[in-house]
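I have placed the structure first, in the form of structure tokens, so that the comments after it can refer back to it.
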Amino acid sequence: AQSVSQHNHHVILSEAASLELGCNYSYGGTVNLFWYVQYPGQHLQLLLKYFSGDPLVKGIKGFEAEFIKSKFSFNLRKPSVQWSDTAEYFCAVTGGGYGGSQGNLIFGKGTKLSVKP
Amino acid sequence: EAGVAQSPRYKIIEKRQSVAFWCNPISGHATLYWYQQILGQGPKLLIQFQNNGVVDDSQLPKDRFSAERLKGVDSTLKIQPAKLEDSAVYLCASSSGWWAGRGNQPQHFGDGTRLSIL
């Protein structure tokens, strides 16, 4: 079955600490991978996306993610977090092909990040 | 560009009542999605539209949930009758679909409707 696993439910860090959030997926065939972020009181926003090519993807606000196909992983990283990064982070996968339900997002359960000032 | 608009933001009803949610996608986006997000979980797809046609409604509880997108733009999602387990945030998203060489484009989400069933 298609699924996404996020390893951490709640991560608490101090400002300037480095961040890595784990994400593993189960999906047959080619995939497109996404990280979305939801700041308190706001809607889901795209952080970054992997389509093809360079497995290291850079997103907004200094975030990056690395696609490791052999491990079915797409971990999110940031070298130095800020208080404003406090939010919930969702990893998601779609099929890479055209048509039908290929574009449907399958989400993980999310990781809540709390950054202490 | 204007984002995905949803209304209402909040709704409280009693079980067995009916409720409807409205969504206006980003202009030009042919693909529209409805998701249900239960507290502590990620969003789960309920239904996908391509223009005014249903692409995937395999996870829609059709005995009580219905959705339509009659003119290929706005969409409504209805629950009738509501059950306690329907308490959730209902999210609408839209995208420009699949592009050759660029894959499935990101979905843009609205603020959602938080539904509470008493």
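Chain order of the listed sequences is E and X. The number in my numbering is simply the position in the first sequence, starting from 1, with 432 added. The number in my numbering is simply the position in the second sequence, starting from 1, with 15 added. Note that the Cβ used here is the ideal one computed from N, Cα and C, for glycine as well.
If you keep only unbroken beta strand (DSSP E) runs of at least 3 residues inside the stretch 74-108 of chain X, you get 80-83 and 90-94. Every beta strand (DSSP E) stretch that sits fully inside the stretch 451-477 of chain E and reaches 3 residues is listed by chain position as 451-453, 455-458 and 463-470. In this structure, the beta-carbon distance from Leu60 of chain X to Asn536 of chain E falls below 7 Å. Between the stretch 448-461 of chain E and the stretch 496-507 of chain E, the count of C-beta pairs closer than 8 Å reaches three or more; the two stretches touch. Between the alpha carbons of Ala97 of chain X and Thr46 of chain X lies a gap of roughly 27 Å. Classified as buried, Gln51 of chain X has 16 or more neighbouring CB atoms from the shown chains inside 10 Å of its CB.
The beta-carbon separation of Pro40 of chain X and Lys481 of chain E, rounded to 19 Å, does not stay under the 8 Å limit for a contact.
About 25 Å separates the CB atoms of Leu85 of chain X and Ala103 of chain X; that is not less than 8 Å, and the two are not in contact. Chain X places a beta carbon closer than 7 Å to that of Lys541 of chain E, counting this residue as a contact. Among the residues of chain E, those whose CB is under 7 Å from the CB of Gly57 of chain X are Phe522, Phe539, Gly540, Lys541 and Gly542, following chain order. By the criterion of a C-beta distance shorter than 8 Å, Ala433 of chain E is surrounded in its chain by Ser458, once the five residues flanking it on both sides are discounted. Within the stretch 493-546 of chain E, complete beta strand (DSSP E) segments of at least 3 residues are found at 496-500, 505-510 and 519-527, given in chain order.
Collapsing the DSSP output to three states places Gly57 of chain X in coil. Between Ser437 of chain E and the set E:Lys548, E:Val547, E:Asp486 and E:Val525, the nearest pair of CA atoms involves E:Val525.
Under DSSP, Asn39 of chain X forms a beta bridge with X:Ala20.
Burial of Asp517 of chain E is indicated by the presence of at least 16 other C-beta atoms within 10 angstroms of its C-beta. Spanning the alpha carbons of Glu496 of chain E and Gln477 of chain E requires a straight line of approximately 15 Å.
In the three-state DSSP reduction, Lys481 of chain E falls in the strand class (E or B).
Interface annotation, Asp126 of chain X: in contact with chain E, CB-CB separation under 7 Å.
In this structure, the CA atom of Gly118 of chain X is about 10 Å from the CA atom of Gln534 of chain E.
Listed as beta-bridge partners of Leu47 of chain X by DSSP are X:Phe64 and X:Ser109.
Taking 7 Å as the cut-off, the beta carbon of Phe124 of chain X is found closer than this to the beta carbon of Leu106 of chain X.
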